[in-house]
Amino acid sequence: MISVDGIAVEFSGETLFSNVSFVINENDKIALMGKNGAGKSTMMKIIAGVQKANQGNVRAPKETVIAYLPQHLLTDDDCTVFEEASKAFNQISDMQNEMDRLNKELETRTDYESDEYMAIIQKVTDLGEKFYAIEEVNYDAEIEKALQGLGFKREDFARPTSEFSGGWRMRIELVKILLQKPDLILLDEPTNHVDIESVIWLEDFLLTKAKAVIVISHDKTFIDNITNRTIEVTMGRIYDYKANYSHYLQLREERRAHQIKAYQEQQKYIADNQAFIDRFKGTFSKTNQVASRERMLEKLQIIEIDEIDNSSLKLRFPPSIRSGDYPVIAKDLSKSYGDHIVFKEANLSISRGEKVSFVGRNGEGKSTMIKAIMNEITYEGQCDLGHNAKVGYFAQNQASLLDPDLTIFQTVDEVATGDVRTQIKNILGQFMFGGDDIDKKVSVLSGGEKTRLAMVKLLLEPVNLLILDEPTNHLDLKSKGVLKEALLAFDGTLILVSHDRDFLQGLSEKVFEFKNQRVIEHFETIDAFLERNRIENLKEIDLI
């Protein structure tokens with residue numbers, strides 16, 4: 001059991017949270033929730049021991065192992081993928097080496113009765129008990145299974161980590177954490193840059209193999225599937241629910257309704273007493289009663305209502321000209337890089353108004369196909385945009401295409417037309433740009449902020465063919481909801497690549513699966529495909 005006792009954190013004189021306490025039990029699966037800036041990541045860093053609180057502490061038994069996966073990390077580039085993953089078992093090899101060293105020292109010493117000699121014997125005994133208590137495991141097989149579960153191919157094992165993107169390095173770090181089998185796993189946005197099959201594998205690993213877990217995530221399906229407890233950080237304190245995310249939302253609404261009722265009753269109580277004070281102040285016979293009520297009001301602790309955004313903003317894509325019957329047609333399309341074949345002889349046709357999903361493991365060709373459709377790469381075969389196709393394209397590097405000299409407001413104002421111009425501040429607020437933020441230059445924004453801004457800009461442009469490549473990686477649940485509502489109402493053609501199952505749900509009626517150098521067309525909804533694929537995938541990796 002790990003206990004968080006009286007944690008308080010202040011930044012620049014402002015209190016992030018104060019006197020926060022809770023207990024993490026052996027098999028708790030906890031979702032750490034709250035709006036951006038509430039202190040979720042800070043709380044996780046304090047539990048991990050990488051940041052100090054101003055007050056309070058975290059207590060855990062002596063042998064407790066806590067593993068932490070931050071949103072951003074750096075890894076060494078001096079070894080292969082397999083070698084890096086093998087570092088998960090460094091502690092075991094270190095124990096073996098230390099036992100060997102101490103045994104050799106005992107062989108050379110002759111002071112058999114000395115305290116130092118007996119201390120070495122005791123240390124060897126203690127190490128031996130720990131070492132031989134560890135379950136005998138085929139470590140190479142465990143590493144292979146974990147790497148493959150998170151999307152690596154066997155041929156990737158010998159490649160240097162320096163050849164992989166940040167998202168893939170994050171997976172290597174996640175593999176190391178999972179293999180260590182820690183007492184507590186802390187995960188900050190673990191599903192970003194991870195494909196659906198790997199997320200499914202991760203879910204089942206956390207449910208069946210992990211002990212305690214705390215996760216911060218904007219992937220609603222992921223946190224609903226793995227958690228049994230939700231801790232909400234809000235207004236400097238926490239609320240602890242023995243419920244998963246969806247149930248927590250219901251309980252939170254009930255809690256807030258009680259707060260509102262209590263607040264209204266208190267305000268009436270204050271008003272009644274203030275009216276008495278105002279009426280009888282200066283009246284000699286009421287002096288004591290007036291003074292008593294004034295003291296009572298001064299000491300009264302005002303009931304606070306939790307912050308919640310009840311605003312509803314419905315965004316619709318502006319009208320655009322009608323496209324031809326088939327906005328996208330590809331025939332016998334092949335793409336390779338040297339000896340590496342991405343896909344070959346792929347055929348697809350997408351009708352006007354269709355909403356389709358591209359799915360498959362990372363590296364199977366989804367983004368490559370999109371680049372072919374956008375004519376950004378060379379390829380063999382035929383790939384054409386149809387008559388009058390006006391494309392709105394959101395690529396994973398979309399942030400780099402924004403004008404760095406414009407402000408956030410100017411970037412959006414540039415494309416907004418009609419009545420929507422009066423709602424720009426509200427729209428930006430829905431995507432986490434509030435207050436003075438709208439006057440910031442694009443050049444000073446983080447990568448995530450630029451991505452969100454590029455999404456807002458796209459939402460306001462008149463298009464009839466939308467191509468979205470992982471649009472939700474830097475969006476919170478509220479922003480994703482705004483985007484999804486707009487896409488559901490969109491009457492044009494949609495091609496969507498996403499690993500977020502909750503976001504995908506209900507959005508497409510046809511699926512193109514990228515697998516083993518092929519593009520396979522499935523005439524079924526994304527929901528039906530994902531459920532069937534989940535079962536098949538789990539069978540493949542021996543989880544069911």
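Its first residue numbered 1, the sequence shown is counted upward by one per residue in full-length UniProt numbering. Backbone N, C-alpha and C define an ideal beta-carbon position, used for all residues, glycine too.
DSSP beta-bridge partners of residue i
{"i": "Ala31", "result": "Val215, Thr230"}
{"i": "Gln55", "result": "Ala8"}
{"i": "Glu513", "result": "Val359, Ile520"}
{"i": "Lys441", "result": "Thr407"}
{"i": "Thr472", "result": "The partner list for Thr472 (beta bridge, DSSP) is empty, contrary to what the question assumes."}
{"i": "Val20", "result": "Ile7"}
{"i": "Leu207", "result": "In DSSP, Leu207 forms no bridge with anything."}
{"i": "Tyr68", "result": "Leu186"}
{"i": "Pro319", "result": "DSSP output for Pro319 lists no bridge partner at all."}
{"i": "Ala330", "result": "Leu348, Cys383"}
{"i": "Leu496", "result": "Ser357, Leu468"}
{"i": "Pro160", "result": "Thr80"}
{"i": "Glu14", "result": "Phe11"}
Cβ distance (whole Å) where residue i is taken to contact residue j below 8 Å
{"i": "Gln180", "j": "Val65", "result": "7 Å"}
{"i": "Val356", "j": "Ile495", "result": "6 Å"}
{"i": "Phe157", "j": "Phe82", "result": "4 Å"}
Whole-angstrom distance between residue j and residue i, CA atom to CA atom
{"i": "Thr125", "j": "Arg101", "result": "13 Å"}
{"i": "Ile467", "j": "Ser508", "result": "13 Å"}
{"i": "Ile337", "j": "Leu69", "result": "Contrary to the premise, residue 337 reads as Tyr rather than Ile in this sequence. Cα to Cα, Tyr337 sits roughly 33 Å from Leu69."}
{"i": "Ser198", "j": "Val23", "result": "30 Å"}
{"i": "Gly324", "j": "Val391", "result": "13 Å"}
{"i": "Tyr117", "j": "Asn97", "result": "19 Å"}
{"i": "Ser312", "j": "Gly429", "result": "Residue placement at Ser312 is flagged as unreliable, the pLDDT there being 47, under the threshold of 50; a coordinate-derived value is accordingly withheld."}
{"i": "Ala210", "j": "Leu174", "result": "13 Å"}
{"i": "Val511", "j": "Met374", "result": "19 Å"}
{"i": "Asp309", "j": "Pro190", "result": "Residue placement at Asp309 is poorly supported in this model, since its pLDDT is 49, which falls under 50; the coordinates still yield a value, given next. Near 26 Å, if we compare the C-alpha coordinates of Pro190 and Asp309."}
{"i": "Asn273", "j": "Glu254", "result": "29 Å"}
{"i": "Gly492", "j": "His387", "result": "13 Å"}
{"i": "Ala38", "j": "Gln289", "result": "42 Å"}
{"i": "Gln517", "j": "Asn347", "result": "12 Å"}
{"i": "Lys242", "j": "Leu178", "result": "25 Å"}
{"i": "Phe409", "j": "Ile424", "result": "8 Å"}
{"i": "Phe529", "j": "Gln505", "result": "11 Å"}
{"i": "His522", "j": "Gln396", "result": "25 Å"}
{"i": "Asn103", "j": "His340", "result": "51 Å"}
{"i": "Leu16", "j": "Ala146", "result": "37 Å"}
{"i": "Lys220", "j": "Tyr245", "result": "7 Å"}
{"i": "Asp527", "j": "Gly149", "result": "22 Å"}
{"i": "Glu363", "j": "Asp195", "result": "Position check: residue 363 holds Gly in this sequence, whereas Glu was assumed. About 10 Å."}
{"i": "Ala119", "j": "Glu129", "result": "15 Å"}
{"i": "Ser285", "j": "Gln266", "result": "27 Å"}
{"i": "Ile350", "j": "Glu232", "result": "43 Å"}
{"i": "Asn464", "j": "Met235", "result": "43 Å"}
{"i": "Thr283", "j": "Arg256", "result": "41 Å"}
{"i": "Leu333", "j": "Gly381", "result": "4 Å"}
Own chain partners of residue i with C-beta closer than 8 Å, once the 5 adjacent residues on each side are dropped
{"i": "Lys87", "result": "Lys176"}
{"i": "Val415", "result": "Lys457, Leu460, Glu461"}
{"i": "Ala53", "result": "Ile7, Ala8, Val9, Ile46"}
{"i": "Asn25", "result": "Met1, Ala212"}
{"i": "Ser217", "result": "Ala31, Leu187, Glu189, Pro190, Thr191, Ile223"}
{"i": "Glu540", "result": "In this prediction, Glu540 scores a pLDDT of 49, lower than 50, which makes its location untrustworthy; the coordinate-derived value is nonetheless stated afterwards. Nothing meets the Cβ criterion."}
{"i": "Val412", "result": "Ile424, Ile427, Leu428, Leu453, Val456, Lys457, Leu460"}
Cβ neighbours of residue i in the same chain (closer than 7 Å, five flanking residues each side left out)
{"i": "Lys366", "result": "Phe358, Gly360, Val497, Phe514"}
{"i": "Ile172", "result": "Thr75, Val81, Glu84, Ala85, Thr161"}
{"i": "Asp240", "result": "Phe22, Ile231"}
Own chain partners of residue i with C-beta closer than 6 Å, once the 5 adjacent residues on each side are dropped
{"i": "Asn533", "result": "none"}
{"i": "Phe431", "result": "Arg452, Val456, Ser479"}
{"i": "Ala372", "result": "Tyr379, Cys383"}
* To do: Enumerate, from N- to C-terminal direction, the unbroken alpha helix (DSSP H) stretches of 4 or more residues contained entirely within the segment 90-143.
  => Entirely contained in the segment 90-143, the alpha helix (DSSP H) runs reaching 4 residues are, in chain order, 90-108, 115-133.
* Quick one: which unbroken alpha helix (DSSP H) runs of 4-plus residues sit fully inside the segment 333-393? Chain order, please. => Correct list: 366-373.
* Asked: What are the complete alpha helix (DSSP H) segments, minimum 4 residues, inside the segment 235-307?
  -> 245-280, 287-299
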